[in-house]
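First to last, the sequence lines map onto chains A and B.
Sequence positions in the first sequence follow numbering that gives the first Met the number 0 and run 0 to 155.
Sequence positions in the second sequence follow numbering that gives the first Met the number 0 and run 0 to 184.
One structure is given below, encoded as structure tokens.
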Amino acid sequence: MARVYGLKEVVFLAAVSILFCFSTPAFAADAEVFNTEVRIILASNSDRGFDPRLLDLKNDLLALNYMSFQLLDQVGIALKKGETGRLKIPGKRTLELTPTAFDQRKISMQVRMTEKGSSLLNTRIRIENHGTVIIGGPSYEVGFLVLAVTAHFPRF
Amino acid sequence: MKRSRCKKISRWIGPYFDGELSEGTRSLVEEHLEICPTCRLEHDRLRQTGELFRRGFAASTAGEEPDLENLSHRIREEIRLSEMSAKETSLGQRFQEYWFRGTKVLVPSALAAALIAVFIFTIYKSPPPVIERYEQNECIIDSIEGEKNTVMFFKTLESKITVIWISESEESGGEEAGLWQEFMV
């Protein structure tokens, strides 16, 4: 036999439902924050070996034909759409990352590398969400810098 | 036809209540009371009046001289009060039925459905599309500029990661890169 629900119970359940709805990320404001991770790696033919912190990229890095890879730094940057994040990298260089859009599972990003004010690289790329792109080549110490840039755009 | 039957039976309700009817007539009245709510109501009122009268009389005569003067007043007052409470109950029931008509099951079901829908759309995440490993790191280069450098790009065999290599000079690009030539696009 069905129970008759009082007005108080109905109002309470409705309030709980509404609060639950607004507390969930699906209904929260869309902040469009791109989380970018940059790993600064020194690639060389020295005898320093392979940094265990780079095991996830081991086979890809070894394809660059260097014997030693050392992680110099790892930086995470949270950027809004159109916001430029500037990262100092060894050798008085700067890496600038500007996410511009997220479309069809790909993150559009402007990547610029400068050295002492002059542009080394200026490229516009579209990378798969959670994907990695490697930018390398600038010389540093006994080897070359390799930057592994991974971009995330969390969606609910 | 029904009204005339009720009119006929209603004349017998009083004697029926007093037990003064013949067996046949009593059966007729009983059968009619089972199916006619109007006559049944009249019978119930008659029974209530009798009860009130008996109670009032018993109270008024309990160890004292019977107070017949106030007896009828008390009986009328009791009847008025009992009718008022009956009216309030029916009003309350009607209010509840009107406002929550059909909601005994509808409202809780709707709320439960809403909660489940919210749960499904927010907590449950549909399985990510099957992306082949080589697609996970897919990168499209829309434009590329290098002022004084040679820029090379290729994909690694393992995870198909796009590599953008800046060669600061032609000499260094050829010497340190070693087997680079094989990968140049």
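Virtual Cβ for every residue (Gly too), placed ideally from N, Cα, C.
Everything numeric in this text was worked out from a predicted model, so none of it was measured.
Which of the three DSSP states is assigned to residue i in this structure?
i              : result
D46 (chain A)  : coil
F248 (chain B) : With chain B running from 0 to 184 in the structure shown, residue 248 (chain B) is simply not present.
I260 (chain B) : No statement about residue 260 (chain B) is possible, as the shown extent of chain B runs from 0 to 184 and does not include it.
E36 (chain A)  : strand
M66 (chain A)  : coil
C5 (chain B)   : helix
K57 (chain A)  : helix
R53 (chain B)  : helix
M0 (chain B)   : Caution is warranted here: a pLDDT of 49 is assigned to M0 (chain B), below 50, making its placement in the model unreliable, and no coordinate value can be reported.
R79 (chain B)  : helix
L114 (chain B) : helix
T113 (chain A) : strand
R25 (chain B)  : helix
C38 (chain B)  : helix
P153 (chain A) : coil
E157 (chain B) : coil
T99 (chain A)  : strand
E13 (chain B)  : Residue identity differs from the one stated: residue 13 (chain B) is Gly in this sequence, not Glu. DSSP places G13 (chain B) in helix when its eight states are reduced to three.
L20 (chain B)  : coil
T48 (chain B)  : helix
My assumption, with CB atoms under 8 Å, is that residue i sits in contact with residue j. Please give the rounded CB distance.
i              : j              : result
I133 (chain A) : K105 (chain A) : No, I133 (chain A) and K105 (chain A) are not in contact; Cβ-Cβ is about 17 Å, not under 8 Å.
L144 (chain A) : I76 (chain A)  : Actually they are not in contact, since the Cβ atoms of L144 (chain A) and I76 (chain A) sit about 17 Å apart, beyond 8 Å.
E157 (chain B) : A100 (chain A) : Wrong, their Cβ atoms sit about 28 Å apart, outside the cutoff.
L51 (chain B)  : G13 (chain B)  : In fact, because the Cβ distance is near 16 Å, the residues do not count as touching under 8 Å.
Would residue i and residue j be called neighbours here (beta carbons separated by less than 8 Å)?
i              : j              : result
M112 (chain A) : L94 (chain A)  : yes
E31 (chain A)  : K79 (chain A)  : yes
I165 (chain B) : G136 (chain A) : yes
V74 (chain A)  : L96 (chain A)  : no
K154 (chain B) : I163 (chain B) : no
T122 (chain A) : A147 (chain A) : no
L53 (chain A)  : I40 (chain A)  : yes
S9 (chain B)   : E41 (chain B)  : yes
What residues are listed by DSSP as bridge partners for residue i?
i              : result
E144 (chain B) : A:N121
G142 (chain A) : A:Y139
W186 (chain B) : Because chain B in this structure spans residues 0 to 184, residue 186 (chain B) falls outside the shown range and cannot be described.
V74 (chain A)  : A:V37
V127 (chain A) : In the sequence on display, residue 127 (chain A) carries Glu and not Val. In the DSSP output, where bridge partners are listed per residue, E127 (chain A) has A:K105.
K79 (chain A)  : A:V32
A147 (chain A) : A:R38, A:I133
R85 (chain A)  : A:E95
Have a look at residue i and residue j and give me their C-alpha separation to the nearest angstrom.
i              : j              : result
M151 (chain B) : R47 (chain A)  : 27 Å
F16 (chain B)  : E22 (chain B)  : 13 Å
E36 (chain A)  : V9 (chain A)   : 48 Å
E19 (chain B)  : W11 (chain B)  : 9 Å
C138 (chain B) : A112 (chain B) : 42 Å
N69 (chain B)  : C5 (chain B)   : 35 Å
P98 (chain A)  : E114 (chain A) : 21 Å
G145 (chain B) : E167 (chain B) : 10 Å
L12 (chain A)  : T37 (chain B)  : 43 Å
A150 (chain A) : L6 (chain A)   : 50 Å
F118 (chain B) : P107 (chain B) : 16 Å
L60 (chain A)  : I124 (chain A) : 20 Å
L32 (chain B)  : L110 (chain B) : 45 Å
E188 (chain B) : A14 (chain A)  : Summary: the structure shown does not reach residue 188 (chain B), with chain B confined to residues 0 through 184, and so no result is reported for it.
D55 (chain A)  : F49 (chain A)  : 12 Å
E185 (chain B) : K7 (chain B)   : Because chain B spans 0 through 184 in this model, residue 185 (chain B) falls outside it and cannot be assessed.
I143 (chain B) : T121 (chain B) : 40 Å
For residue i and chain E, any beta-carbon pair shorter than 8 Å?
i              : result
S108 (chain B) : The question asks about chain E, but that chain is absent: this structure's protein chains are A and B.
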